[in-house]
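Colleague: Residue numbering for the sequence shown is 1330 to 1428, as defined by the working numbering.
So that we are looking at the same thing, I have put the structure below in structure tokens.
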Amino acid sequence: MATDTNSLRITGKVQGRDIVLKGPLSKDEIRNQVWWWQNLHPETSKEREDRLHEYDNSEKDVITTLGGYYEVPDDSRTPEADELVEMVYAELNQDQDQR
């Protein structure tokens, strides 16, 4: 996992899945890609339980930014998740701010 400042990419490992965020992205796009498993449809409570049992959560879900590694909260609606989205948004959209 690495961050490439030239191509405005941030990588991570979430729910056992490698993700790559390439900017510019909106905050909603970032949230949807990082917490993709919360957006799976349709999913019954039994399907969710089965999926969670399949995932080995012994490894932390992380996003790698220029500032380091940040743990991804399980719930996308927490203040910690909001802070992570804000930070990722700022890094992925820094070219937009310089124009």
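No residue lacks a Cβ here, since even glycine has one placed at the ideal position from N, Cα and C.
Nothing here was measured: the structure is a model prediction, and the numbers come from that model.
What number of angstroms, rounded off, separates the C-alpha of Tyr-1398 from the C-alpha of Ile-1392?
Modeller: Along the sequence shown, read from residue 1 onward, the residue named residue 1398 stands at position 69. Along the sequence shown, read from residue 1 onward, the residue named residue 1392 stands at position 63. When rounded, the distance between both Cα atoms is 6 angstroms.
Colleague: Under the rule that 16 or more other beta-carbon atoms within 10 Å means buried, what is Ser-1355, buried or exposed?
Modeller: Here the question's residue 1355 lines up with position 26 in the sequence shown. Classification for Ser-1355: exposed.
Colleague: If you run the structure through DSSP and keep just helix, strand and coil, what is Asp-1333?
Modeller: By 1-based counting over the sequence shown, the position of residue 1333 is 4. Residue confidence is low: Asp-1333 scores 46 on pLDDT, short of 50, so the model does not pin down where it sits. No coordinate-derived value is stated.
Colleague: What is the residue span of the alpha helix (DSSP H) that Arg-1360 lies within?
Modeller: Counting from 1 along the sequence shown, the entry for residue 1360 is found at position 31. 1356 to 1363 is the extent of the alpha helix (DSSP H) around Arg-1360.
Colleague: Please name the residue, chosen from Val-1343, Ile-1339, Arg-1360, Glu-1388, that lies closest to Pro-1408 on a Cα-to-Cα basis.
Modeller: Position 79 of the sequence shown, counted from the start, is the residue given in the question as residue 1408. Of the candidates Val-1343, Ile-1339, Arg-1360, Glu-1388, the one whose C-alpha sits nearest the C-alpha of Pro-1408 is Arg-1360.
Colleague: Leaving out the 5 sequence neighbours to the left and right, which residues in its chain are closer than 6 angstroms to Trp-1364 when beta-carbon positions are compared?
Modeller: Translated into the one-based positions of the sequence shown, residue 1364 becomes position 35. Ser-1405, listed in sequence order.
Colleague: What do you get for Leu-1413, buried or exposed, if any count of 16 or more other CB atoms within 10 angstroms of its CB means buried?
Modeller: Along the sequence shown, one-based indexing puts residue 1413 at 84. Buried, by the Cβ-count rule.
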